[in-house]
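**Q** Protein chains in written order, with numbering that gives the first Met the number 0: chain A, 0 to 272; chain B, 0 to 301.
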Amino acid sequence: MDRITEATSYIQEQDSSSGNICLCTESLCLSYGTRAALENVNLRIPSRAVTAIIGPSGSGKSSFLCCLNRMTDLCCSTTIEGSVRLGEHDIHRDLGKNPIALRRRVGMVFQHPNPFPFSIWKNLALPLKHHGVRNKQELSSVIEQALRRVGLWEEVGDRLRDSALTLSGGQQQRLCIARALVLEPEVLLMDEPCSSLDPLSTKCIETLIGQLKNSYTIVVVTHDLAQARRVADHVALFWNADGVGRLIEQGPAARVFQHPEHELTTSYLEGQL
Amino acid sequence: MNLSFRINSNIDSNRVASLIGLRNGQLWDLLFSAAVWGSVLIVAMVFLWLVGDVLIRGVSAVSWDFLVSPVIDSGRSGGIAPVLVSTACIVAVALAVAFPLALASAILIAEFLPRTGTVSRLVVASFDVLAGMPSIVFGLFGNALFNQLLGFGYSLLSGGLTLACMVLPFMIKANVDGLRAVPRSYREAGDALAMSRTSTLWHVLLPAALPGIIAGVLLGMGRALAETAALLFTSGYVTRMPESLMDSGRTISIHIYDLAMNVAGGDRMAYASALILVVLLILINTAVVRLGDWIQRRSLRA
Numbered sequence: 000m001d002r003i004t005e006a007t008s009y010i011q012e013q014d015s016s017s018g019n020i021c022l023c024t025e026s027l028c029l030s031y032g033t034r035a036a037l038e039n040v041n042l043r044i045p046s047r048a049v050t051a052i053i054g055p056s057g058s059g060k061s062s063f064l065c066c067l068n069r070m071t072d073l074c075c076s077t078t079i080e081g082s083v084r085l086g087e088h089d090i091h092r093d094l095g096k097n098p099i100a101l102r103r104r105v106g107m108v109f110q111h112p113n114p115f116p117f118s119i120w121k122n123l124a125l126p127l128k129h130h131g132v133r134n135k136q137e138l139s140s141v142i143e144q145a146l147r148r149v150g151l152w153e154e155v156g157d158r159l160r161d162s163a164l165t166l167s168g169g170q171q172q173r174l175c176i177a178r179a180l181v182l183e184p185e186v187l188l189m190d191e192p193c194s195s196l197d198p199l200s201t202k203c204i205e206t207l208i209g210q211l212k213n214s215y216t217i218v219v220v221t222h223d224l225a226q227a228r229r230v231a232d233h234v235a236l237f238w239n240a241d242g243v244g245r246l247i248e249q250g251p252a253a254r255v256f257q258h259p260e261h262e263l264t265t266s267y268l269e270g271q272l
Numbered sequence: 000m001n002l003s004f005r006i007n008s009n010i011d012s013n014r015v016a017s018l019i020g021l022r023n024g025q026l027w028d029l030l031f032s033a034a035v036w037g038s039v040l041i042v043a044m045v046f047l048w049l050v051g052d053v054l055i056r057g058v059s060a061v062s063w064d065f066l067v068s069p070v071i072d073s074g075r076s077g078g079i080a081p082v083l084v085s086t087a088c089i090v091a092v093a094l095a096v097a098f099p100l101a102l103a104s105a106i107l108i109a110e111f112l113p114r115t116g117t118v119s120r121l122v123v124a125s126f127d128v129l130a131g132m133p134s135i136v137f138g139l140f141g142n143a144l145f146n147q148l149l150g151f152g153y154s155l156l157s158g159g160l161t162l163a164c165m166v167l168p169f170m171i172k173a174n175v176d177g178l179r180a181v182p183r184s185y186r187e188a189g190d191a192l193a194m195s196r197t198s199t200l201w202h203v204l205l206p207a208a209l210p211g212i213i214a215g216v217l218l219g220m221g222r223a224l225a226e227t228a229a230l231l232f233t234s235g236y237v238t239r240m241p242e243s244l245m246d247s248g249r250t251i252s253i254h255i256y257d258l259a260m261n262v263a264g265g266d267r268m269a270y271a272s273a274l275i276l277v278v279l280l281i282l283i284n285t286a287v288v289r290l291g292d293w294i295q296r297r298s299l300r301a
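#1: Starting from residue 294 (chain A), find everything on chain B with Cβ-Cβ shorter than 9 Å and list it in chain order.
#2: Going by beta-carbon coordinates alone, are residue 170 (chain A) and residue 151 (chain A) separated by less than 8 Å?
#3: Just to make sure I have the definition right: I need the residues of chain B whose C-beta is within less than 7 Å of the C-beta of residue 115 (chain A). Which are they?
#4: Indicate whether at least one CB of chain A lies closer than 8 Å to the CB of residue 149 (chain B).
#5: Taking C-beta pairs closer than 7 Å, name the residues in chain B that residue 126 (chain A) reaches, listed in chain order.
#6: May I ask you to list, following chain order, the residues of the region 52-78 of chain A that have a beta carbon less than 8 Å from some beta carbon of chain B?
#7: Going along chain A, which residues have a C-beta under 9 Å from residue 207 (chain B)?
#8: Please look up how many angstroms separate the CB atoms of residue 234 (chain A) and residue 48 (chain A), rounded, as I've assumed it's under 8 Å.
#9: Would DSSP call residue 4 (chain B) helix, strand or coil?
#10: Identify whether residue 274 (chain A) lies in helix, strand or coil by the three-state DSSP scheme.
#11: Should residue 101 (chain B) and residue 165 (chain B) be called a contact, given that it needs their Cβ atoms to be closer than 8 Å?
#12: Does the beta carbon of residue 102 (chain A) come closer than 8 Å to any beta carbon on chain B?
#13: Taking 8 Å as the cut-off, decide whether the C-beta atoms of residue 211 (chain A) and residue 177 (chain A) are in contact.
#14: Would you verify that the beta carbon of residue 198 (chain B) is, or is not, closer than 8 Å to some beta carbon of chain A?
#15: Within the continuous alpha helix (DSSP H) that includes residue 256 (chain B), where are the two ends?
#16: Among A:125, A:82, A:258 and A:136, which has the Cα closest to the Cα of residue 185 (chain B)?
#17: Name, please, each residue of chain B whose Cβ falls closer than 7 Å to the Cβ of residue 256 (chain A).
#18: Hey, is residue 259 (chain A)'s beta-carbon within less than 8 Å of any beta-carbon in chain B?
#19: Just grab the DSSP bridge partners of residue 31 (chain A) for me.
#20: Answer yes or no: does any C-beta atom of chain B fall closer than 8 Å to that of residue 129 (chain A)?
#21: Identify every residue that forms a DSSP beta bridge with residue 216 (chain A).
#22: Just to check, is the beta-carbon of residue 261 (chain B) closer than 7 Å to a non-hydrogen atom of the ligand COA?
#23: Please report the distance separating the alpha-carbon of residue 267 (chain B) from that of residue 49 (chain B).
#24: Which runs of the alpha helix (DSSP H), 4 residues or longer, sit entirely within the region 123-168 of chain A?
#25: Taking its Cβ as the centre, do 16 or more other Cβ atoms sit within 10 Å of residue 120 (chain A), making it buried, or is it exposed?
#26: Since I believe residue 258 (chain B) is in contact with residue 272 (chain B) (beta carbons under 8 Å), could you give me their beta-carbon distance rounded to a whole number of angstroms?
#27: Note down the Cα distance separating residue 130 (chain B) from residue 292 (chain B), rounded to an integer number of angstroms.
#28: At 9 Å on the CB atoms, spell out the chain B contacts of residue 91 (chain A), in chain order.
#29: Just checking, does the region 31-40 of chain A make contact with the region 242-251 of chain A on the three C-beta pairs under 8 Å criterion?
#30: Examine the Cβ distances between the region 67-75 of chain B and the region 235-251 of chain B and report whether three or more of them are shorter than 8 Å.
#31: Please state if the CB of residue 27 (chain A) and the CB of residue 62 (chain A) are separated by a distance shorter than 8 Å.
#32: Take the Cβ of residue 168 (chain B) as the centre, count every other Cβ of all protein chains shown within 10 Å, and call the residue buried at 16 or more, exposed below.
#33: Quick one: which chain B residues come within Cβ less than 9 Å of residue 273 (chain A)?
#34: What span of residues does the alpha helix (DSSP H) with residue 257 (chain A) cover, start to end?
#35: Please check the pair residue 192 (chain A) and residue 230 (chain A), which I expect to be a contact at CB under 8 Å, by giving their CB distance rounded to whole angstroms.
#36: Is the distance from the Cβ of residue 140 (chain B) to the Cβ of residue 157 (chain B) below 8 Å?
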C-alpha cells in the first residue's frame with residue numbers, strides 16, 4: 000500500500016515537473032567577485048503555482064531569487080554561469096543587455112515594504128506611466144483593479160492622494176504587491192514578504208498569495224517553515240555547504256514535507272539543524 | 000594634572016553635594032546641564048550681539064531711498080542700488096553656472112561611480128581640496144583665466160564665473176549627500192518595476208533628495224554673497240550701475256569692506272549695508288526653503 004502511494008506520488012511529481020514549467024535554471028552558478036554564492040542549481044518552477052524556497056540563512060535563497068529577474072546586475076562584479084530559462088528564452092543570453100523587458104515579465108516584492116515616498120495613487124501610476132499608460136481613465140481603472148486584487152481598495156480607496164508612508168506595514172507590503180501587479184507580470188518573486196509584518200498582516204498576505212497563484216507563477220523565499228507548509232505547492236530546499244549555496248531537494252510540497260529524500264531535509268524540517 | 004583635578008573635584012563634589020543635600024550623581028547632572036545650557040547661551044548671545052550691533056548702528060541710515068539711490072561720494076552718502084544690482088548679477092551667474100554642473104557631477108558620483116572605486120575616490124578627494132582652498136587663490140585663478148586669458152576683463156561675468164568655481168565643491172558635496180541619503184530600497188523598487196535608471200532618478204530619487212539639493216543651493220548662495228577676496232581681482236569694485244554682465248561692479252560684501260577699510264567716515268553706511276546683507280540672507284534662506292518644500296510636496300503628492 001505504502002509502495003503504491005509512493006509510486007503514485009512519484010508519477011505525479013514527474014507529471015507536474017514535465018508539465019508547465021515557467022522558469023527553470025540549469026547548472027546556475029553565481030559568484031560575488033571571487034566568492035561563490037550559488038553552485039550548480041537546477042530548479043524547475045512550475046507555472047501558476049507557489050514555489051517556496053526554504054533553507055537556513057546564507058544558503059543563497061535571496062541571491063537565487065535575484066538571478067531570476069537579474070537584480071544581480073546591480074551589484075557590479077557578479078558573475079553568473081549556467082542558464083535561467085523563462086519560457087523559451089534564456090534571460091541572460093536572449094534578453095541581452097537590457098533587463099527591462101525581463102523585469103516587466105518577472106515582478107518582485109522585497110523583504111521590507113518599499114513604497115516610494117509618494118501618494119498611494121502615484122506609487123501605482125508611476126510604473127504605469129513609465130510603461131506608456133497615459134490615459135487618465137485607463138490609469139484609474141487599472142489602479143482600482145490592482146488595489147481590489149490585493150484587498151486594499153476597501154481600506155484606502157477613498158484616500159488615494161495620501162502618502163503611501165502613512166499606511167501600516169502590512170498595507171504598504173500589499174501596495175508593493177499591487178505595484179508589481181499593475182505591470183501584469185507572468186512571475187512574481189517575493190523575498191521573505193512577511194518577515195517584517197505582524198501575524199495578522201502575514202495571514203492577509205498569505206491569503207493573497209493563495210489567490211494570486213491562479214493567475215501568476217509565484218516564487219516565495221521564506222524562513223518560516225510553517226508558512227511554506229501553508230502556501231507552497233512546490234518546495235525547494237537550499238543548503239549552505241562549505242560556504243556555497245546549493246539546492247539539495249525539490250518537489251511537490253506534500254511529498255517534500257512528508258517524505259523528504261535528503262537526510263538534511265529531514266533534520267531541517269524537524270528543526271534539528 | 001587632569002586626573003588629579005578630577006579626583007580632587009570628585010572629593011569636593013561629594014562634600015558639596017552632601018552639604019546642599021544632593022546625591023553625587025545629581026550634582027554632576029546639574030553641572031553638566033548648566034555647562035550645556037551655558038554654551039548655548041554664549042553662542043546665542045554672540046549671534047544676538049552681532050545682529051543687534053548691525054541693527055542698532057545701521058538702521059538709522061536704511062530707508063527706501065537708500066535701496067534705490069546711486070552710490071555718492073564713495074558711499075558716504077546716497078544709496079546702494081548699483082551694488083544690489085551687481086550682487087544679484089554675480090550671484091545669479093555663479094548659481095546658473097554652478098548648479099547644473101554640481102547636480103550633474105553629484106549624480107555621477109552618487110549614482111553611477113562605484114563608491115570605493117579609484118575614480119570616485121580621486122574625484123571626491125579633489126573636491127575636498129578645492130573646498131579647502133582659500134578664496135584669494137580662486138580670485139587669482141579667476142583673474143588669470145576669465146579676466147585675462149578669456150578676455151572678459153573686470154566684469155560681473157568674470158566675478159560670477161570665479162564664484163561658480165569656488166562654490167562648486169560645496170554644492171557637489173551637498174548634492175551627493177542628499178542623493179546618498181535616499182534609501183537604496185527606492186532604487187531597487189525602481190529597477191524591479193522595470194523603470195530605466197534615468198526615469199527612477201528623475202521621478203523618484205531627485206524629488207526625494209531635494210532637501211540636500213536645496214541645502215547645496217543655500218550654501219553656495221551664502222558663500223557667494225559673503226565673498227570679497229575672490230571678487231576684488233575679478234569683478235572689481237566700480238560703484239556705477241552695471242549696464243551688462245561685461246561691466247565691472249561691486250557686490251554688497253565688497254561695498255561693506257571698502258566703506259569700513261578705505262573710506263573715512265563710511266562706518267554708518269557700512270553698517271547699513273551689512274544690515275541689508277543680513278536681511279537679504281534671511282529672506283533668501285526662507286524663500287528657498289519654502290520653495291523647496293513646495294516643489295517636494297507637489298512632486299511627492301500628485
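Every residue, glycine too, gets a C-beta built ideally from N, C-alpha and C.
**A** In terms of the structure at hand:
#1: Nothing can be reported for residue 294 (chain A): it is not among the residues displayed for chain A, which extend from 0 to 272.
#2: yes
#3: 185, 188 and 203
#4: no
#5: 192 and 194
#6: 68, 70, 73 and 75
#7: 115 and 116
#8: Rounded, the Cβ-Cβ distance is 11 Å, inconsistent with contact.
#9: Residue placement at residue 4 (chain B) is poorly supported in this model, since its pLDDT is 45, which falls under 50; the coordinates are not used for a value here.
#10: This structure does not reach residue 274 (chain A), given that chain A is present from 0 up to 272, and the question cannot be answered.
#11: no
#12: yes
#13: no
#14: yes
#15: 251-260
#16: A:125
#17: Residues of chain B passing the Cβ test: none, with the nearest at roughly 30 Å.
#18: no
#19: A:34 and A:77
#20: yes
#21: A:186
#22: Looking at this structure, you won't find the ligand COA or any other ligand, since it has none at all.
#23: 15 Å
#24: 135-148 and 152-155
#25: buried
#26: 7 Å
#27: 28 Å
#28: What residue 91 (chain A) touches in chain B: nothing, since even the nearest Cβ is about 16 Å away.
#29: yes
#30: yes
#31: no
#32: buried
#33: Any property of residue 273 (chain A) remains undetermined from this structure, which presents chain A solely from 0 to 272.
#34: 252-257
#35: Contact doesn't hold; Cβ gap of about 10 Å is too wide.
#36: no
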